[in-house]
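A.B. asks:
2 protein chains.
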Amino acid sequence: MKNDFIAGYAKITEDALKKYMPEGDAAQKKLYDAMNYSIFAGGKRLRPMIMMMTAKMLGKPVDTVLPFACAMEMIHTYSLIHDDLPAMDNDDLRRGKPTNHKVFGEATAILAGDALLTKAFEIAAKYGTEYADSDKVVKAISILAEAAGSEGMVGGQVIDIFAEVEDLEQLKNMHALKTGAIIRASGVIGAVLSGADSEQINAIDSYCYNLGIAFQIQDDILDVLGSEESLGKPIGSDAENNKSTYVTLCGIDEAEKLQKEYIKKAKESLEIFENTEELSLLCDMLVNRKA
Amino acid sequence: MKNDFIAGYAKITEDALKKYMPEGDAAQKKLYDAMNYSIFAGGKRLRPMIMMMTAKMLGKPVDTVLPFACAMEMIHTYSLIHDDLPAMDNDDLRRGKPTNHKVFGEATAILAGDALLTKAFEIAAKYGTEYADSDKVVKAISILAEAAGSEGMVGGQVIDIFAEVEDLEQLKNMHALKTGAIIRASGVIGAVLSGADSEQINAIDSYCYNLGIAFQIQDDILDVLGSEESLGKPIGSDAENNKSTYVTLCGIDEAEKLQKEYIKKAKESLEIFENTEELSLLCDMLVNRKA
Numbered sequence: 019m020k021n022d023f024i025a026g027y028a029k030i031t032e033d034a035l036k037k038y039m040p041e042g043d044a045a046q047k048k049l050y051d052a053m054n055y056s057i058f059a060g061g062k063r064l065r066p067m068i069m070m071m072t073a074k075m076l077g078k079p080v081d082t083v084l085p086f087a088c089a090m091e092m093i094h095t096y097s098l099i100h101d102d103l104p105a106m107d108n109d110d111l112r113r114g115k116p117t118n119h120k121v122f123g124e125a126t127a128i129l130a131g132d133a134l135l136t137k138a139f140e141i142a143a144k145y146g147t148e149y150a151d152s153d154k155v156v157k158a159i160s161i162l163a164e165a166a167g168s169e170g171m172v173g174g175q176v177i178d179i180f181a182e183v184e185d186l187e188q189l190k191n192m193h194a195l196k197t198g199a200i201i202r203a204s205g206v207i208g209a210v211l212s213g214a215d216s217e218q219i220n221a222i223d224s225y226c227y228n229l230g231i232a233f234q235i236q237d238d239i240l241d242v243l244g245s246e247e248s249l250g251k252p253i254g255s256d257a258e259n260n261k262s263t264y265v266t267l268c269g270i271d272e273a274e275k276l277q278k279e280y281i282k283k284a285k286e287s288l289e290i291f292e293n294t295e296e297l298s299l300l301c302d303m304l305v306n307r308k309a
Numbered sequence: 019m020k021n022d023f024i025a026g027y028a029k030i031t032e033d034a035l036k037k038y039m040p041e042g043d044a045a046q047k048k049l050y051d052a053m054n055y056s057i058f059a060g061g062k063r064l065r066p067m068i069m070m071m072t073a074k075m076l077g078k079p080v081d082t083v084l085p086f087a088c089a090m091e092m093i094h095t096y097s098l099i100h101d102d103l104p105a106m107d108n109d110d111l112r113r114g115k116p117t118n119h120k121v122f123g124e125a126t127a128i129l130a131g132d133a134l135l136t137k138a139f140e141i142a143a144k145y146g147t148e149y150a151d152s153d154k155v156v157k158a159i160s161i162l163a164e165a166a167g168s169e170g171m172v173g174g175q176v177i178d179i180f181a182e183v184e185d186l187e188q189l190k191n192m193h194a195l196k197t198g199a200i201i202r203a204s205g206v207i208g209a210v211l212s213g214a215d216s217e218q219i220n221a222i223d224s225y226c227y228n229l230g231i232a233f234q235i236q237d238d239i240l241d242v243l244g245s246e247e248s249l250g251k252p253i254g255s256d257a258e259n260n261k262s263t264y265v266t267l268c269g270i271d272e273a274e275k276l277q278k279e280y281i282k283k284a285k286e287s288l289e290i291f292e293n294t295e296e297l298s299l300l301c302d303m304l305v306n307r308k309a
């Protein structure tokens, strides 16, 4: 059953992305190819899933959030393309495939990232109002942009590259921006578009905050224990790059203990809701994943 | 009088940008510094000006469009930062100052561009509704994103880098995307937020379309005739890079003749309006500029 509902959400996301992504024989076809290469490179679609599960838990059809779910995935994908660039992490592989700049060159990779980021806001604004009123759409766009920008994801990336991260508190703060902000925004936007009240929005936000940290801890554990084949990238790359992680800072055992605590907190945040089965299962699946 | 009203609009834009741009002692301060460096590097503020003049012509206070005017300038600025990168045009100077990546390094320049693009949508969504209803704000965000993305500015940049531009038609099509799309969007968003009807929106669109081409022709003429000092970048760089321009394709005299025709068409587009003095003067100033 587990795999079925996860696969179902992934398929809904893929189908919607196919509808929204540009294609065809334009003079800028190379750009479209580069955008499509990365958006359809086999992502887990975690952020769209959180958004859709939130809508469903709140009694709304998943369509309610579909344009924003795709927008969120476009923003996540652009961030991976830019993070992989030679000037940043200089990675050759992503999800087992050559990174965007390895296939299309650096200039096109930068522009494909720019175009995906821009397309996210286009899709949100152009199609969001098919499912929700304009007040909610504007609010959701504002949340999306704030989470993705200089006070969110991009800010976190700058800290990750340049700041010395030496203790757990600094590590948590960095991840809270770099990966946490758009995971939280996925749940919060799902709640806002579904007409949730502020108590419900805060509870979803808390669920995502804690899930996000547990998810990051799993990433750090897999970087040490995972296999290169299932991860699609070299293992041990964090340690090799002298990056602080939950594992390097407190060891595997303590990291796993911490992770359990965050998962517990995530599930407790759902207590005010009914129909929490999917979001609860998602926690277990994310920390049991091998890739 | 001319300089007064132009300087007035530029000052309104600068003041609003100061209000909207991030600052302070965050862990990502380096990012804020890079964003502020380029946004306050002495741009002409042409796009905000077009938007505000449009609102004023339509009888609205310029504040009506101020968040979007700043958003447009952020998008224009991010595009310059990314265009200057080593992987693209590899320029060392912009407006007489070292380019963003020369001062802050390539990684930060890429991220500062990303953050400015994202901030544009944040400001539009967060503050747009202080001056216009949500329906108009969503419509304006949609126009902004479409003009800036893969079917607009970014698409044009890809064509400029990779496609062979060999005749006037191809050159016009490239510029229609690369620089034309967001100039048109500046006028159209100004009209939409001011509650213009479709005839008025089309007329503003036509004005901007023609003004944009005349503006580009002036850029190409200045690249040959201008002085390095007043341009803030080396003259003759287009010819040196083997780039097709209005001047290389049809010579200075023909380019100047073409430019006059587009200015005439731009002014004719304003005939359905009253109070067209500022937008009309703007045409003359842009084609008489030396930098």
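Each protein sequence line maps, in turn, to chains A and B. The first sequence begins at 19 in our numbering and counts up one residue at a time. The second sequence begins at 19 in our numbering and counts up one residue at a time. A virtual CB, placed ideally from N, CA and C, is assigned to each residue, including glycine. Because the structure is a prediction, the values reported are computed rather than measured.
With contact counted as at least three CB pairs below 8 angstroms, one residue from each stretch, are the region 149–167 of chain B and the region 192–201 of chain B in contact?
C.D. replies: Output reads yes: the region 192–201 of chain B touches the region 149–167 of chain B.
A.B. asks: Do P66/A and Y50/A come within 8 angstroms of each other at the CB atom, strictly closer than that value?
C.D. replies: The count along the first sequence starts at 1 and reaches residue 50/A at position 32. The count along the first sequence starts at 1 and reaches residue 66/A at position 48. Note that the C-beta distance between Y50/A and P66/A is not below 8 angstroms.
A.B. asks: Since G173/B meets chain A, which of its residues come closer than 8 angstroms, beta carbon to beta carbon?
C.D. replies: In the second sequence, residue 173/B corresponds to position 155, counting from 1. Neighbours of G173/B across chain A, judged by C-beta separation under 8 angstroms: A44, A45, Q46, L49 and A133.
A.B. asks: Would K78/B be called buried (16 or more neighbouring beta carbons within 10 Å of its own) or exposed?
C.D. replies: For the purposes of this step, residue 78/B is taken as residue 60 along the second sequence, with counting starting at 1. Flag for K78/B reads buried.
A.B. asks: Counting only beta-carbon separations shorter than 8 angstroms, does A203/A have a partner in chain B?
C.D. replies: By 1-based counting over the first sequence, the position of residue 203/A is 185. Cβ-Cβ to chain B under 8 angstroms: no for A203/A.
A.B. asks: Could you please tell me which residues of the region 178–199 of chain B, in chain order, have their CB closer than 9 angstroms to any CB of chain A?
C.D. replies: I179, F180, A181, Q188, N191, M192 and L195
A.B. asks: Give the straight-line distance between the Cα atoms of A284/A and A105/A, rounded to the nearest whole angstrom.
C.D. replies: Taking the first residue of the first sequence as 1, we reach residue 284/A at position 266. Taking the first residue of the first sequence as 1, we reach residue 105/A at position 87. Rounded to the nearest angstrom, the two C-alpha atoms are 36 angstroms apart.
A.B. asks: Report yes if the C-beta distance between M9/A and L134/A is below 8 angstroms; otherwise report no.
C.D. replies: Absent from the structure is residue 9/A, since the part of chain A shown begins at 19 and ends at 309.
A.B. asks: Using C-beta distances below 6 angstroms, list every residue in its chain close to A127/B, excluding the 5 sequence neighbours before and after it, in chain order.
C.D. replies: Within the second sequence, the letter at position 109 stands for residue 127/B. I99, N118 and H119.
A.B. asks: Could you spell out where the alpha helix (DSSP H) holding Y227/B opens and where it closes?
C.D. replies: Indexing the second sequence from 1 puts residue 227/B at position 209. Run containing Y227/B: S216 to L243, per the alpha helix (DSSP H) assignment.
A.B. asks: Under three-state DSSP, which class holds M19/B?
C.D. replies: Sequence index remark: in the second sequence, residue 19/B carries index 1 (1-based). Its pLDDT being 48, under 50, M19/B is placed unreliably by the model, and the measurement read from it follows with that caveat. Looking at M19/B - three-state DSSP - the assignment turns out to be coil, as it is neither helix nor strand.
A.B. asks: Buried or exposed: which applies to S160/A, given that a residue is buried once 16 or more other Cβ atoms fall within 10 Å of its Cβ?
C.D. replies: Start at 1 with the first residue of the first sequence, and residue 160/A comes out as number 142. With 16 or more other Cβ atoms within 10 Å, it is buried.
A.B. asks: For M71/B versus I207/B, is the C-beta distance shorter than 8 angstroms?
C.D. replies: Stepping through the second sequence from its first residue, residue 71/B is reached at position 53. Stepping through the second sequence from its first residue, residue 207/B is reached at position 189. Contact: no.
A.B. asks: The region 97–119 of chain B: which residues have C-beta closer than 9 angstroms to a C-beta of chain A, in chain order?
C.D. replies: S97, H100, L103, P104, A105, M106 and H119
A.B. asks: Would you verify that the beta carbon of I128/B is, or is not, closer than 8 angstroms to some beta carbon of chain A?
C.D. replies: Taking the first residue of the second sequence as position 1, residue 128/B is located at position 110. At least one chain A Cβ lies under 8 angstroms of I128/B.
A.B. asks: Under 8 angstroms, do Y280/A and I231/A count as touching if we go by C-beta distance?
C.D. replies: Within the first sequence, the letter at position 262 stands for residue 280/A. Within the first sequence, the letter at position 213 stands for residue 231/A. Yes. Within cutoff.
A.B. asks: Could you list which residues in chain A have their beta carbon closer than 8 angstroms to that of P85/B, in chain order?
C.D. replies: Mapped onto the second sequence, residue 85/B falls at position 67. Simply none; closest approach about 11 angstroms.
A.B. asks: Suppose the cutoff is 6 angstroms on Cβ atoms and the five residues either side in sequence are ignored; what does the same chain contact list for L300/A look like?
C.D. replies: Walking along the first sequence from the start, residue 300/A turns up at place 282. So the list is empty, once near-sequence residues are dropped.
A.B. asks: Thinking C-beta only, is A34/A closer than 8 angstroms to I93/A?
C.D. replies: Taking the first residue of the first sequence as position 1, residue 93/A is located at position 75. Taking the first residue of the first sequence as position 1, residue 34/A is located at position 16. No. Outside cutoff.
A.B. asks: List the endpoints of the continuous alpha helix (DSSP H) containing K190/B.
C.D. replies: For the purposes of this step, residue 190/B is identified with residue 172 of the second sequence, where counting begins at 1. Per DSSP, K190/B belongs to the alpha helix (DSSP H) from L186 to H193.
A.B. asks: Starting from Y196/A and walking both ways along the alpha helix (DSSP H), at which residues does that stretch end?
C.D. replies: Start at 1 with the first residue of the first sequence, and residue 196/A comes out as number 178. Before going on, a small fix: residue 196/A reads as Lys here, not Tyr. Run containing K196/A: none; DSSP gives neither H nor E here.
A.B. asks: Compare the C-alpha of A209/A against each of E187/A, I235/A, V155/A and Q175/A and name the closest.
C.D. replies: Counted from its first residue, the first sequence places residue 209/A at position 191. When only C-alpha atoms are compared, the closest one is V155/A.
A.B. asks: Whole-angstrom Cβ separation of A150/B and A143/A, contact assumed at under 8 angstroms?
C.D. replies: Here residue 150/B is taken as the residue at index 132 of the second sequence, counted from 1. Here residue 143/A is taken as the residue at index 125 of the first sequence, counted from 1. Rounded, the Cβ-Cβ distance is 14 angstroms, inconsistent with contact.
A.B. asks: Between the Cα of L211/B and the Cα atoms of G146/B, E272/B and M192/B, which residue gives the shortest distance?
C.D. replies: Position 193 of the second sequence, counted from the first residue, corresponds to residue 211/B. Nearest option by C-alpha distance: G146/B.
A.B. asks: Excluding the five sequence neighbours on either side, which residues of its own chain have a C-beta within less than 6 angstroms of the C-beta of M19/B, listed in chain order?
C.D. replies: Your numbering for residue 19/B matches position 1 in the second sequence. Bear in mind that a pLDDT of 48 at M19/B, under 50, signals an unreliable position, so the number given afterwards is only what the model happens to contain. Within its own chain, no residue has a Cβ closer than 6 angstroms to the Cβ of M19/B once the five positions on either side in sequence are excluded.
A.B. asks: On a CA-only basis, which of E182/B, D102/B, S152/B and M90/B is nearest L129/A? Give me that one, please.
C.D. replies: Locating residue 129/A in the first sequence gives position 111, where the first residue counts as 1. Per the Cα distances, D102/B.
A.B. asks: Who are the Cβ neighbours of I57/A in its own chain at under 8 angstroms, not counting the five residues just before and after it?
C.D. replies: Indexing the first sequence from 1 puts residue 57/A at position 39. Hits under 8 angstroms: L35, M39, E91, M92, T95 and L134.
A.B. asks: Tell me, please, which residues DSSP counts as bridged to K115/A.
C.D. replies: Taking the first residue of the first sequence as 1, we reach residue 115/A at position 97. K115/A is bridged to R112/A.
A.B. asks: Taking only three categories from DSSP, how would you classify V183/B?
C.D. replies: Here residue 183/B refers to the residue found at position 165 of the second sequence. If DSSP states are grouped into helix, strand and coil, V183/B belongs with coil.
A.B. asks: Which of the three DSSP states, helix, strand or coil, is assigned to L135/B?
C.D. replies: Position 117 of the second sequence holds residue 135/B. Of the three classes helix, strand and coil, the one that applies to L135/B here is helix, per DSSP.
A.B. asks: When you compare the CB positions of S262/A and V176/A, do they come within less than 8 angstroms of one another, or not?
C.D. replies: By one-based count along the first sequence, residue 262/A stands at place 244. By one-based count along the first sequence, residue 176/A stands at place 158. No. Outside cutoff.
A.B. asks: Is M19/B close to chain A, meaning its C-beta is less than 8 angstroms from at least one C-beta of that chain?
C.D. replies: The residue you call residue 19/B lines up with position 1 of the second sequence. At M19/B the pLDDT is 48, less than 50, meaning the model places this residue with poor confidence; the figure from the coordinates comes in the next sentence. Interface criterion not met: the Cβ of M19/B is under 8 angstroms from no Cβ in chain A.
A.B. asks: Please tell me whether F122/A has its Cβ less than 8 angstroms away from any Cβ of chain B.
C.D. replies: Working through the first sequence from its first residue, we reach residue 122/A at position 104. So, not an interface residue.
A.B. asks: Quick check on the DSSP output: the alpha helix (DSSP H) that includes L297/B runs from which residue to which?
C.D. replies: Counting from 1 along the second sequence, the entry for residue 297/B is found at position 279. Note, L297/B: alpha helix (DSSP H), E295 to N306.
A.B. asks: Along chain A, in chain order, which residues have C-beta atoms closer than 7 angstroms to that of M311/B?
C.D. replies: Beyond the ends of chain B as shown, which are 19 and 309, falls residue 311/B; an answer cannot be given.
A.B. asks: Using a threshold of 8 angstroms, state whether the C-beta atoms of D185/B and L276/B are closer than that.
C.D. replies: What you label residue 185/B is simply residue 167 of the second sequence in a count that begins at 1. What you label residue 276/B is simply residue 258 of the second sequence in a count that begins at 1. Going by C-beta atoms, D185/B is not nearer than 8 angstroms to L276/B.
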